[in-house]
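Protein chains in written order, with the working numbering: chain F, 148 to 708; chain P, 148 to 708. Even for Gly, the Cβ is constructed at its ideal location relative to N, Cα and C. On a predicted model such as this, the values are computed, not experimentally measured, just so you know. The next block holds one structure in the form of structure tokens; read it before the comments.
Protein chains: 2
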Amino acid sequence: MNRSDTAPHRMRWWGWGVDGFDKPITAEAEELLIREIGMAEADNPPKDIAEVAIPDSRLDEADLAALRDAVGEGAVCVDHDTRVRHAVGRSYPDLARLRAGVLDIAPDAVVVPRDEEAVARLLAACTERGIAVTPFGGGTSVVGGVEAVDGGHGRAVALSMVAFDRVLDVDLEANTVTVQTGVFGPDLEERLAPLGVTVGHFPQSFEFSTVGGWVSCRSAGQESSGYGRIDRNVIGMRVITPAGAMAFRDMPSSAAGPNPRELFLGSEGTLGVITQVTLQLHRRPDEMIFDTYFVDSFEHGLEIFRDLEQRGHIPHLARLSDEPETLFGIEQMGGATGPKLKKYLALRGMDTPCMMLFGFGQESRAEARAARELLAARMLRHKCVRLGPIPGQLWVKHRFTSPYLRDVMMTRRVGVDTLETATTWEHAAELRRRIMDRMRAAAEAHGAPAYVFCHISHMYESGCSLYFTYFFREEPGRILDQWMDIKSAAGEAILEFAGTITHHHGIGQDHAPQNYEENTELFARVLRAVKAELDPAGILNPGKLQNGPHDLRERYDGSAI
Amino acid sequence: MNRSDTAPHRMRWWGWGVDGFDKPITAEAEELLIREIGMAEADNPPKDIAEVAIPDSRLDEADLAALRDAVGEGAVCVDHDTRVRHAVGRSYPDLARLRAGVLDIAPDAVVVPRDEEAVARLLAACTERGIAVTPFGGGTSVVGGVEAVDGGHGRAVALSMVAFDRVLDVDLEANTVTVQTGVFGPDLEERLAPLGVTVGHFPQSFEFSTVGGWVSCRSAGQESSGYGRIDRNVIGMRVITPAGAMAFRDMPSSAAGPNPRELFLGSEGTLGVITQVTLQLHRRPDEMIFDTYFVDSFEHGLEIFRDLEQRGHIPHLARLSDEPETLFGIEQMGGATGPKLKKYLALRGMDTPCMMLFGFGQESRAEARAARELLAARMLRHKCVRLGPIPGQLWVKHRFTSPYLRDVMMTRRVGVDTLETATTWEHAAELRRRIMDRMRAAAEAHGAPAYVFCHISHMYESGCSLYFTYFFREEPGRILDQWMDIKSAAGEAILEFAGTITHHHGIGQDHAPQNYEENTELFARVLRAVKAELDPAGILNPGKLQNGPHDLRERYDGSAI
Ligand SMILES: Cc1cc2nc3c(=O)[nH]c(=O)nc-3n(C[C@H](O)[C@H](O)[C@H](O)COP(=O)(O)OP(=O)(O)OC[C@H]3O[C@@H](n4cnc5c(N)ncnc54)[C@H](O)[C@@H]3O)c2cc1C
Ligand SMILES: Cc1cc2nc3c(=O)[nH]c(=O)nc-3n(C[C@H](O)[C@H](O)[C@H](O)COP(=O)(O)OP(=O)(O)OC[C@H]3O[C@@H](n4cnc5c(N)ncnc54)[C@H](O)[C@@H]3O)c2cc1C
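Structure representation (structure tokens):
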């Protein structure tokens with residue numbers, strides 16, 4: 148074994164991102180959580196990586212030799228740290244298990260192919276030897292998408308895409324970029340910025356996720372209302388499957404049968420390894436400017452958002468927070484600012500204010516300003532309070548750092564998770580209410596109530612997304628039980644009240660139970676038939692999507708931690 | 148046999164549309180065609196429908212009884228006329244064979260199920276007995292999509308969707324309409340107009356095509372640059388397959404695996420019968436207003452169109468005709484108007500003018516006018532001549548009647564056909580040139596030169612469509628040979644120079660040869676695997692798309708007519 152093989156991974160192994168961005172929760176937010184969920188004094192720091200228990204690698208010398216033949220010397224890693232770093236994604240149960248140092252699963256090796264030929268050789272070798280292969284981009288999956296499930300093969304490796312790190316071509320006539328899929332968000336935008344263009348895809352995980360992860364999970368970014376979600380921006384693609392390679396040319400649109408690109412958008416590594424895509428570019432605004440309004444209820448805000456969207460008046464970025472999210476945001480300001488703002492709003496009749504944040508990404512600052520004032524004129528007919536740009540400026544400053552809060556909370560033994568859905572406009576208000584009620588009831592049943600809030604950040608002509616954040620006090624010994632019950636309650640409400648089990652996180656393992664219902668068991672069979680054609684040995688990312696669990700309890704042991 | 152069973156079909160059996168819309172070609176256009184293609188005196192009228200030779204029905208009494216059990220008495224038609232009317236679509240080879248009264252194929256019966264249960268029973272009966280089933284909407288396919296190929300089963304029926312004729316629900320909150328797929332364009336818009344909304348889908352075949360045909364072929368309408376092509380507007384769907392029914396809920400967007408709706412968009416009846424869809428609605432403009440400009444070359448117009456599209460300045464409807472299309476249009480004006488216009492343009496430096504037509508579909512007339520003048524201001528920096536609204540008004544008046552010209556031409560023994568593609572902007576000029584060169588050379592080889600012209604009518608941020616019309620003098624005895632050579636030459640150029648074999652007509656039989664190349668043989672295998680799962684007996688629309696011919700000569704006998 149070559150001990151010098153390691154696969155780079157950008158994040159700290161036990162939490163979000165890199166060190167140096169953790170922020171304490173404010174006293175005001177703490178007070179809110181003490182009141183709402185009974186948050187207690189607690190200290191549950193991560194262990195040392197060496198202490199994390201993972202199963203031994205099951206690969207023998209012949210396996211390792213075959214893998215090295217396929218991807219080259221120095222590209223097959225079996226050291227403890229690399230395996231831990233590629234064991235799970237960044238969902239709440241992933242972070243909870245990492246922190247506890249208890250993982251019942253880890254890849255038997257992490258392999259790092261350097262080109263398409265190496266991927267093809269790797270898939271051939273693993274097909275022959277019966278070794279499962281899980282593609283691994285940034286590893287930010289929040290649905291159990293990167294766990295190296297062996298699917299009955301008895302061995303499983305993670306295929307790190309880090310070596311597919313090149314921006315291949317920027318075409319300023321078609322306004323497209325051709326890029327390898329292992330490229331991370333910031334590296335892509337850094338290359339594009341000097342050219343005055345942008346892909347405009349900014350998921351909250353932007354800094355640590357890859358193009359390949361985005362397209363494999365149909366991800367949506369914070370500005371997708373303006374630029375379109377990733378699946379709307381893929382015009383060309385290359386895929387390597389065990390049955391062979393496929394290349395779909397760059398094409399704005401075609402009627403040549405079902406669009407083959409669409410089958411791989413959202414395929415989550417189960418059908419092939421996407422090595423390269425061509426994405427639509429957009430003109431890059433000099434700068435985004437902001438404005439903020441408050442309304443007196445979420446339902447009222449929803450009406451305003453629908454009206455703006457359907458008239459084509461919605462700005463580039465728009466975000467509506469419900470009452471508890473707005474309150475939490477105000478409390479997190481800390482100090483005197485929060486109380487002052489609350490008082491100001493109350494004086495204007497906003498006792499339970501809901502924040503509406505707008506960002507204007509026009510090409511020039513003058514155009515953005517004009518759009519901002521046009522919106523202000525339109526908002527005059529609604530009862531709301533305008534507050535100006537500051538909340539937006541704060542939001543943009545923290546747009547990628549709020550996930551750090553989760554780690555801070557978990558040290559305090561507060562469970563934090565998010566989940567999301569979408570629906571048509573007429574169902575949005577009820578769907579939100581039903582989901583929140585069910586989640587709260589499921590948490591209560593554990594004697595540990597949940598604080599749940601919600602915002603809308605993606606608008607479509609026919610509907611919108613709903614994004615929930617929730618906090619609950621962890622009950623050591625059954626925190627996965629608590630989480631599974633809340634999560635399942637939400638999933639059931641989503642299915643019952645006209646939602647989709649996921650607007651942008653994907654299916655992976657955690658959303659599979661509801662996906663069978665949402666998209667029919669028959670369609671799961673169709674995807675299995677596709678998989679059998681492209682991946683006859685069934686080595687590619689087993690146990691996800693079309694082969695995911697029918698119940699979360701097939702995956703997690705509720706009493707493990 | 149119940150002789151009273153007939154399946155309604157809206158079009159005249161031998162040509163386009165209904166009687167009363169044929170217009171003579173003008174003397175000026177005739178002169179052009181005499182000069183360019185050697186158009187001759189000729190008279191080749193259609194025969195009487197009774198004279199059309201079709202094969203006998205191969206269904207026996209037991210088959211017919213089984214079909215009647217499935218769809219009901221009075222819904223299984225085997226009379227000569229109904230079979231002729233459902234034998235082919237409306238491509239040039241279809242019309243040429245109908246007119247000649249020589250059809251080597253016709254459905255053995257036409258069945259008209261009245262509800263989803265009847266469709267399910269029909270598919271079960273045909274699976275059991277081995278009878279192929281070809282869904283039939285309006286029958287306007289131009290790619291051989293509705294020919295009842297038996298796929299080795301020895302019997303084949305056409306499944307007419309005419310009874311699926313209801314608009315089920317209009318939701319003005321989500322701005323959607325739920326509609327059965329047998330609804331024809333005008334019936335749908337008539338229902339929506341009083342509500343101030345529109346689907347905005349106007350293929351040139353609008354009057355005689357159905358919602359089911361649109362979604363099955365990923366069709367694009369004349370205003371799709373504004374409203375989006377049909378595949379961008381489907382948010383919910385119901386499909387009946389031999390393996391069972393599937394319903395995909397109304398959803399603005401989702402990340403729940405590959406979008407199942409996308410697999411059926413463009414599936415052309417090979418995977419299931421689409422019975423119902425939910426479509427996005429749009430606000431209906433009071434009226435469209437127009438403007439026209441001329442530029443001195445197609446390439447220059449292309450640059451202008453790209454710039455407008457990429458800056459988000461393109462109007463609702465935009466159309467750029469190349470030099471020969473503009474000339475043909477001017478000659479077709481007839482009388483003194485054409486020469487006057489040519490002189491006017493020549494005086495302004497436009498010796499080979501290219502017309503740019505713009506339509507403004509804003510909600511109110513005032514907004515539309517403002518948009519028109521804004522565009523005029525933007526056009527000032529380009530060298531072009533503004534002509535005003537009249538050509539646009541003429542265009543909108545004739546938007547659905549120009550296909551009648553084909554019938555008039557064919558009576559004069561002039562072959563007329565259209566074909567289309569799309570590509571990214573940087574390839575558009577060369578692709579157009581290459582396609583035209585190859586088509587002309589292929590026609591010349593028959594000693595009967597072609598007059599070819601082209602326009603752009605669909606713009607995307609990364610590229611545009613190219614739509615070609617061509618005329619050639621038919622050489623009786625080998626007109627299908629002439630056509631196949633021109634068509635194949637175009638198809639080869641499309642593949643070689645970065646196009647797609649079809650931007651909106653679909654694959655059917657005629658585009659299958661290039662589709663294997665464009666989207667890979669492996670993806671055709673994937674679609675066959677999907678088909679095997681949903682349609683294990685392979686009864687649904689055999690011989691199309693994933694099972695289409697690899698060469699046009701597998702389908703047509705070049706010397707038949
Ligand atoms: C704090 C946080 C915030 C988030 N915010 C958002 C958000 O705003 N919007 C959003 O959409 N998502 C969000 N996510 C979810 C996640 O970041 C996205 O799904 C992201 O697209 C995953 O990218 P990745 O490179 O990390 O993929 P990974 O997690 O490495 O992989 C995800 C899935 O794709 C497969 N895969 C990866 N690369 C390839 C490839 N090249 N070929 C084939 N399969 C491949 C993997 O096998 C896996 O199934 C967030 C997650 C976290 C933890
Ligand atoms: C003069 C003319 C102009 C045209 N202009 C345009 C244009 O501007 N844009 C454009 O996109 N196309 C155009 N077309 C092509 C054609 O009209 C479109 O493809 C149209 O969408 C077909 O609709 P239809 O109802 O006639 O379908 P059909 O021709 O009846 O069927 C087309 C295909 O769909 C399948 N199908 C039909 N209904 C169903 C169903 N419910 N479930 C499953 N499968 C089904 C059939 O089996 C067949 O394979 C034109 C054709 C002509 C002749």
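Which bits of chain P does F/Gly685 rub up against, with CB to CB less than 9 Å? Residues of chain P with a Cβ closer than 9 Å to the Cβ of F/Gly685 do not exist, since the nearest Cβ in that chain sits about 14 Å away.
Own chain, CB closer than 8 Å to P/Ala645, minus 5 neighbours either side, in chain order: Excluding positions up to five away in sequence, the list reads Thr570, Thr571, His574 and Leu578.
F/Phe411: buried (16+ other C-beta within 10 angstroms of its C-beta) or exposed? Only buried fits F/Phe411, as 16 or more other CB atoms lie within 10 angstroms of its CB.
Determine, using beta carbons only, whether F/Gln509 and P/Glu608 come nearer to each other than 8 Å. The answer is no: Cβ separation not under 8 Å.
Do the stretch 434-447 of chain P and the stretch 674-688 of chain F touch if we need at least three Cβ pairs shorter than 8 Å? Segments in contact, no.
I believe P/Gln712 touches P/Pro500 by the beta-carbon criterion, under 8 Å. Please report the beta-carbon distance rounded to the nearest angstrom. This structure gives no information on residue 712 of chain P, because the portion of chain P shown stretches from 148 to 708.
Could you tell me whether any Cβ in chain F is nearer than 8 Å to the Cβ of P/Phe670? At least one beta carbon of chain F lies nearer than 8 Å to the beta carbon of P/Phe670.
Between F/Ala256, F/His233, F/Arg246 and F/Gly219, which has its C-alpha nearest F/Ala267's C-alpha? When only C-alpha atoms are compared, the closest one is F/Gly219.
Nearest to P/Leu270 by CA position, among P/Arg246, P/Thr287 and P/Arg215, is which residue? Distances from the CA of P/Leu270 to each of P/Arg246, P/Thr287 and P/Arg215 were compared; the closest alpha carbon is that of P/Arg215.
Quick check: what's the CA-CA separation for P/Asp498 versus P/Ser363? Spanning the two alpha carbons is a distance of roughly 43 Å.
Does the beta carbon of P/Ser372 fall short of 7 Å from some heavy atom of ligand 2? Because no heavy atom of ligand 2 lies under 7 Å away, the Cβ of P/Ser372 does not count as near it: no.
With DSSP run on the structure shown, which of helix, strand or coil describes P/Arg533? DSSP places P/Arg533 in the strand class (E or B) of the three-state scheme.
Can F/Ser288 and F/Gly248 be called in contact, C-beta distance under 8 Å? No, these two residues do not count as a Cβ contact at 8 Å.
In chain F, which residues lie with their C-beta within 8 Å of the C-beta of P/Arg396? Within chain F, the residues whose beta carbon sits less than 8 Å from that of P/Arg396 are Ala645, Thr647 and Glu665, listed in sequence order.
Do P/Asn322 and ligand 2 come close, with the Cβ less than 7 Å from some heavy atom? The answer is no for P/Asn322.
Under 8 Å between C-beta atoms, does F/Asn111 make it to chain P? Any property of residue 111 of chain F remains undetermined from this structure, which presents chain F solely from 148 to 708.
Give the residues from the stretch 365-388 of chain F that approach chain P closer than 8 Å (Cβ to any Cβ), ordered along the chain. Cβ contacts with chain P: Arg365, Ser366, Ala367, Arg376, Asp378, Ile382 and Thr388.
Taking only beta-carbon positions, decide if P/Met556 is within less than 8 Å of chain F. No, P/Met556 does not count as interfacial toward chain F.
With burial defined as no fewer than 16 other Cβ atoms inside 10 Å of the residue's Cβ, what is the status of F/His233: buried or exposed? It counts as buried.
Per-residue DSSP class, three states only, for F/Tyr598: Correct three-state label for F/Tyr598: strand.
Confirm, please, whether the CB-CB distance from F/Asn191 to F/Arg140 is below 8 Å. This structure cannot settle anything about residue 140 of chain F, because the visible part of chain F is limited to 148 through 708.
Between which two residues does the alpha helix (DSSP H) harbouring F/Thr274 extend? Segment Glu263 to Arg276, the alpha helix (DSSP H) holding F/Thr274.
If I'm right that F/Arg365 touches F/Gly653 with Cβ under 8 Å, what's the distance once you round it to whole angstroms? A Cβ-Cβ distance of about 7 Å is found for the pair F/Arg365 and F/Gly653, placing them in contact under the 8 Å criterion.
Under three-state DSSP, which class holds P/Asp584? The DSSP-derived three-state label of P/Asp584 is helix.
For P/Gly285, the nearest candidate out of P/Ala265, P/Trp361 and P/Phe475 (CA to CA): Of the listed residues, the one whose Cα sits closest to P/Gly285 is P/Trp361.
Give the residues of chain F in contact with P/His145, contact being defined as C-beta atoms less than 7 Å apart. Because chain P is modelled from 148 through 708, residue 145 of chain P falls outside the range shown and cannot be assessed.
Endpoints, alpha helix (DSSP H) assigned at P/Tyr663: P/Tyr663: member of the alpha helix (DSSP H) spanning Ala659 to Glu665, first to last residue.
Quickly, what does DSSP pair F/Val386 with across the bridge? List them, please. The partner list for F/Val386 (beta bridge, DSSP) reads F/Met393 and F/Ile421.
Terminal residues of the continuous alpha helix (DSSP H) containing P/Gly329? The continuous stretches of alpha helix (DSSP H) do not include P/Gly329, and DSSP gives it neither H nor E.
Shorter than 8 Å from the beta carbon of P/Glu639 to some beta carbon of chain F? Not one chain F Cβ lies under 8 Å of P/Glu639.
Check whether the Cβ of P/Ser352 lies closer than 7 Å to any heavy atom of ligand 4, and answer yes or no. Within the structure as shown, ligand 4 is missing, the only ligands being ligand 1 and ligand 2.
Proximal chain F residues relative to P/Leu681, where beta-carbon distance stays under 9 Å: Residues of chain F whose Cβ lies closer than 9 Å to the Cβ of P/Leu681 are, in chain order, Leu669, Arg672, Val673 and Ala676.
May I ask which residues mark the beginning and end of the alpha helix (DSSP H) holding F/Thr473? Unbroken alpha helix (DSSP H) run through F/Thr473: Glu470 to Met480.
For F/Asp318, write down the residues that DSSP places opposite it in a beta bridge. F/Asp318 is bridged to F/Thr323.
Of all the alpha helix (DSSP H) runs that stay within the bounds of the stretch 537-564 of chain P, which reach a length of 4 or more residues? Here the runs fully enclosed are 537-544 and 551-558.
DSSP state of F/Gly292 mapped onto helix, strand, coil: Looking at F/Gly292 - three-state DSSP - the assignment turns out to be coil, as it is neither helix nor strand.
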